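This report concerns only the one structure given below.
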Amino acid sequence: MYAQMVKSTGQGVKTREEMSPEEAHFQDRVDADEKIEARDWMPEGYRKTLIRQIGQHAHSEIVGQLPEGNWITRAPTLDRKMILLAKVQDEAGHGLYLYCAAETLGVSRDDLTEQLLSGRMKYSSIFNYPTLTWADIGAVGWLVDGAAIMNQVPLQRTSYGPYSRAMIRICKEESFHQRQGYDIMMKMAQGTEAQKRMAQDALNRFWYPSLMMFGPSDAESVHSAQSMAWKIKIDTNDGLRQKFVDQTVPQAEYLGLTIPDETLKWNEDKGGYDFAEPDWTEFFDVLKGNGPCNHDRLKARQDAWTDGQWVRDGLLAHARKKAARKVAAE
Amino acid sequence: MNALHEFLLRTGDNCLILGHRVSEWCGHAPVLEEDIALANTALDLLGQTKLWLTYAAEVEGKGRSADDLAFLRDAWDFRNVLLTEVPNGDFGRTMMRQYLFDQYHLLMLQGLAQSSDETVRGIAAKAVKEVAYHVDRSRDTVVGLGDGTDESHRRMQEALDYLWPYVGEMFASDTVDAEMAEGGISPDPASLRDAWDAAVADTMAEATLALPDSRFHHKGGRDGRMHTEHLGHMLTQMQWLQRAYPGATW
Amino acid sequence: MSSVNPGALPQTESKAKPRNEWPLWEIFIRGQHGMSHRHVGSLHAPDAEMAIKNARDVYTRRNEGVSIWVVEARHIAATAPSQKGPIFEPSESKVYRHPTFFDIPDEVGHM
């Protein structure tokens, strides 16, 4: 998902006997669906895992502006231009909300930013794929936002209050994102031969990367078990992926597009589709920095940060001068 | 030549070209809050574009749409002032350009809100509120960066010096403007200069920036006689899909 | 979307070097039909004036507000979670403060 492969403490879930009284009390509160707030006692592992997870999520929103932003200046109509700009702007907003949620855990936004820019923190693998045609903007909205929403809706119930509130606001704002993507796909799929070709090509390229967004199977993962016990992860990766496929296949059929998976088949017994796994070697390559756009994405963020330093410094210096003048006048 | 049509193209093209330029920042601004604010400005300008160009197309009466005007005219048919098409440069130049234009835009829209033309009046009444905020924000930024660090001061002075020769065109009246002013449709741009000068002098003093004293100005944007080389490059991006796939619906 | 008072939190991961980060502001917005300002989230800004402008751009993109308050996060004082019992529980037993505590015969009418 937007936060992939987040490592928790790595020690697995403690039994009640192993927990300190504080830990046990904390777990009771989580189990009772109470929200944990910034100043409440929390296990150090919970805090650290959350910083990593929320930070990755925030980074993904910010880096996620780039592939779609790539088409703002080429959007084909005034309406499409405005809609896309508003959507990419929302992503900046969502990054902002999430950074603020992470900041309540005692890390600063500048710190998190520097960890992203130095490569110490990751962002979702999906944003390392290029957007090559206008249909890709449709596919990103439809598939990538579709997959993201699948993960974010349950996260509204996460145990950490500030994270939960950020997710509630984000989900509310994102409700138009997937629809605008599908709307583009409908126009393309019903359009000229060239547009149909673009639509199918976009689906071909984004299908497996979208499935990868949920991360590899975590049935055996100690990290996931701990995160689920803490309710900072709500569903398993496989569960979400299945749900995503089941939801998306009929949508593709409606468009008259073919999902690039010859093994795709309805399975009556499980009440869902059987489908092919994505190429996990590719996934790990992309995470390691070898995706088609890793270099460009990070470079764009680094440039924005470095080139903006004088602006941030300048405005702060002015604010301080103004405050000093006010004091002097009093 | 229909003067009203020409006037509407000028007004709409300013919004389109500047809105497009500002939208180029999305995802690349110095800080998240500015990224979001710049997108709001661009969205306002693009929204205004649609209103002005829709009316321009209607007045033209050839069955074209606002999109046809935006995406299917070549550079020589654009009527924006050159100031709006110069490249963004650094954030300082972008905000200086924004302020210089916003200050003009506000005065113009205040006049247009009194227009004898009902449609013009309606569009201006909506736009004037948006632009009042734009000028508020761009002015603060120009002042903050001008009176910030040595580096930000230097960059803002450079931006002002670079952009200054593009200022005069906003106020260079011609026969179209005379006709608009006579019909009470639009104020004569030249008549806005004094108020603009006073506001800008005030802002630059607060920003500790020196106003260039030259009154020389480039021209050719608002009558389409000679745009900068930059406009063509912008249009090759902006219009590419419409040009490559004529007749497609998006 | 933060909670209040991050300034009171342990600074475990950000002690490295002093730098010029814009301060954090908590944003409160009163909506069209709202009676009072509500906390909607936080943002960074160099000063209060810019915080208000940033709040306008960040938190009222969907017509959410008619009034904005901003407070620098470090100026917010809050109750301590550990004091939840002593601070809030005593009021639970003051049932006589609620109108339903008193039985008034129906014949008396609305009161």
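Just so you know, the protein sequences line up as chains A, B and C, in that order. First residue of the first sequence: 240, per our numbering; consecutive thereafter. First residue of the second sequence: 11, per our numbering; consecutive thereafter. First residue of the third sequence: 79, per our numbering; consecutive thereafter. We put the CB at the ideal spot given by N, CA and C, even for glycine. Just so we're clear, the structure is a prediction, and the values are computed from it rather than from any experiment.
Proximity test, Cβ basis, 8 angstroms: residue i and chain B
| i | result |
| --- | --- |
| A428 (chain A) | no |
| Q395 (chain A) | no |
| L102 (chain C) | no |
| P84 (chain C) | Bear in mind that the predicted position of P84 (chain C) carries a pLDDT of just 44, short of 50, making it too unreliable to give a figure here. |
| T431 (chain A) | yes |
| P128 (chain C) | The sequence given here has Met at residue 128 (chain C), not Pro. At least one chain B Cβ lies under 8 angstroms of M128 (chain C). |
| H122 (chain C) | yes |
| A464 (chain A) | no |
| W381 (chain A) | no |
| K560 (chain A) | yes |
Min CB distance residue i to chain A below 8 angstroms
| i | result |
| --- | --- |
| N98 (chain C) | yes |
| E95 (chain B) | no |
| M106 (chain B) | no |
| Q89 (chain C) | Legend: pLDDT at Q89 (chain C) = 43, less than 50; position of this residue unreliable, no value from coordinates given. |
| M214 (chain B) | no |
| F101 (chain B) | yes |
| G109 (chain C) | no |
| A258 (chain B) | yes |
| G119 (chain C) | yes |
| A220 (chain B) | no |
Contact check, residue i vs residue j, beta carbons under 8 angstroms
| i | j | result |
| --- | --- | --- |
| G547 (chain A) | V152 (chain B) | no |
| M637 (chain A) | G377 (chain A) | Any question about residue 637 (chain A) goes unanswered here, given that chain A covers just 240 to 569. |
| T372 (chain A) | N309 (chain A) | no |
| Q292 (chain A) | A331 (chain A) | no |
| G251 (chain A) | Q395 (chain A) | no |
| L442 (chain A) | A387 (chain A) | no |
| L89 (chain B) | R253 (chain B) | Before going on, a small fix: residue 89 (chain B) reads as Arg here, not Leu. No. Outside cutoff. |
| W103 (chain C) | A155 (chain C) | no |
| A458 (chain A) | D477 (chain A) | yes |
| T94 (chain B) | A76 (chain B) | no |
| V616 (chain A) | C410 (chain A) | Lying before the first or after the last residue shown, residue 616 (chain A) is absent from chain A, which here runs from 240 to 569. |
| T198 (chain B) | A191 (chain B) | Sequence inspection shows Asp at residue 198 (chain B); the Thr mentioned does not correspond to that position. Yes; because the gap between Cβ atoms is below 8 angstroms, this pair is in contact. |
| E15 (chain B) | V91 (chain B) | The question names Glu, yet the displayed sequence has His at residue 15 (chain B). Their beta carbons are not under 8 angstroms apart, which means H15 (chain B) does not touch V91 (chain B) by this criterion. |
| L317 (chain A) | T59 (chain B) | yes |
| S224 (chain B) | A200 (chain B) | no |
| Q439 (chain A) | G380 (chain A) | no |
Range covered by the beta strand (DSSP E) that runs through residue i
| i | result |
| --- | --- |
| Y512 (chain A) | 511-513 |
| L102 (chain C) | 102-108 |
| N529 (chain A) | Looking at the DSSP string, N529 (chain A) is not in any beta strand (DSSP E), and its letter there is neither H nor E. |
| V148 (chain C) | 145-150 |
| W86 (chain B) | That residue, W86 (chain B), is in no beta strand (DSSP E); it is neither H nor E in DSSP. |
| K504 (chain A) | 504-506 |
With 16 other Cβ atoms within 10 Å as the buried cut-off, status of residue i
| i | result |
| --- | --- |
| M11 (chain B) | exposed |
| F166 (chain C) | exposed |
| R149 (chain B) | buried |
| Q110 (chain C) | exposed |
| N4 (chain B) | A query on residue 4 (chain B) cannot be resolved here, the shown segment of chain B reaching from 11 to 260 and no further. |
Proximity test, Cβ basis, 8 angstroms: residue i and chain C
| i | result |
| --- | --- |
| E43 (chain B) | yes |
| E342 (chain A) | yes |
| R348 (chain A) | yes |
| L335 (chain A) | yes |
Endpoints, the alpha helix (DSSP H) within which residue i is located
| i | result |
| --- | --- |
| R116 (chain C) | Not the alpha helix (DSSP H): R116 (chain C) falls in the beta strand (DSSP E), residues 116-122. |
| S171 (chain C) | Premise fails: S171 (chain C) is in no alpha helix (DSSP H) and is neither H nor E. |
| V132 (chain C) | For the record, residue 132 (chain C) in the displayed sequence is Asn; it is not Val. Looking at the DSSP string, the run of the alpha helix (DSSP H) that includes N132 (chain C) is 126-137. |
| K411 (chain A) | 400-428 |
| W206 (chain B) | 203-216 |
| N50 (chain B) | 42-70 |
| V269 (chain A) | 260-270 |
| V141 (chain B) | 128-156 |
| L371 (chain A) | Counting along the chain, L371 (chain A) falls outside any alpha helix (DSSP H), and DSSP gives it neither H nor E. |
| K287 (chain A) | 283-302 |
| N476 (chain A) | 476-494 |
| H115 (chain B) | 101-122 |
- Going along the stretch 301-330 of chain A in order, which residues come within less than 7 angstroms of chain B, judged by CB to CB distance? So the list reads Q304, L305, G308, I311, T312, R313, P315, T316, L317, R319, K320, M321, L324, A325, V327, Q328, given in the order they occur along the chain.
- Contact set between the stretch 15-38 of chain B and chain A, restricted to residues whose Cβ is under 7 angstroms from the partner: Under the 7 angstroms Cβ criterion, the stretch 15-38 of chain B contributes H30, S33, E34, C36, G37, H38.
- Query: Any residues in the stretch 45-60 of chain B with a beta carbon nearer than 7 angstroms to a beta carbon of chain C? Which ones, in chain order?
  - Reply: With the criterion set as a beta carbon lying under 7 angstroms from some beta carbon of chain C, the members of the stretch 45-60 of chain B are I46, A47, N50, in sequence order.
- Query: If contact means a Cβ-Cβ distance below 8 angstroms, which residues of the stretch 135-153 of chain C contact chain B?
  - Reply: Listed by position, the residues of the stretch 135-153 of chain C near chain B (Cβ gap below 8 angstroms) are D135, V136, R139.
- Chain-ordered residues of the stretch 159-176 of chain C with a beta carbon less than 7 angstroms from chain A: If the cut-off is 7 angstroms between Cβ atoms, the stretch 159-176 of chain C has P159 near chain A.
- Message: Beta carbons nearer than 8 angstroms to chain C: which residues of the stretch 141-163 of chain B have them?
- Response: Residues Y143, D146, R147, D150, G154.
- Query: In chain order, what residues of the stretch 520-532 of chain A put their CB closer than 9 angstroms to some CB of chain C?
  - Reply: Along the stretch 520-532 of chain A, there is no position whose C-beta sits under 9 angstroms from a C-beta of chain C.
- Message: Along the stretch 223-256 of chain B, where does the CB come closer than 7 angstroms to a CB of chain A? Name the residues.
- Response: From the stretch 223-256 of chain B, only Q247, M248, W250, L251, Q252, Y255 have a Cβ closer than 7 angstroms to chain A.
- Item | Contact residues within the stretch 544-556 of chain A, judged by C-beta distance below 9 angstroms to chain B | Correct list: W544, D546, G547, Q548, W549, V550, R551, D552, G553, L554, L555, A556.
- Query: Mind listing which residues of the stretch 62-76 of chain B have their C-beta closer than 7 angstroms to chain A's C-betas, in chain order?
  - Reply: Listed by position along the chain: A76.
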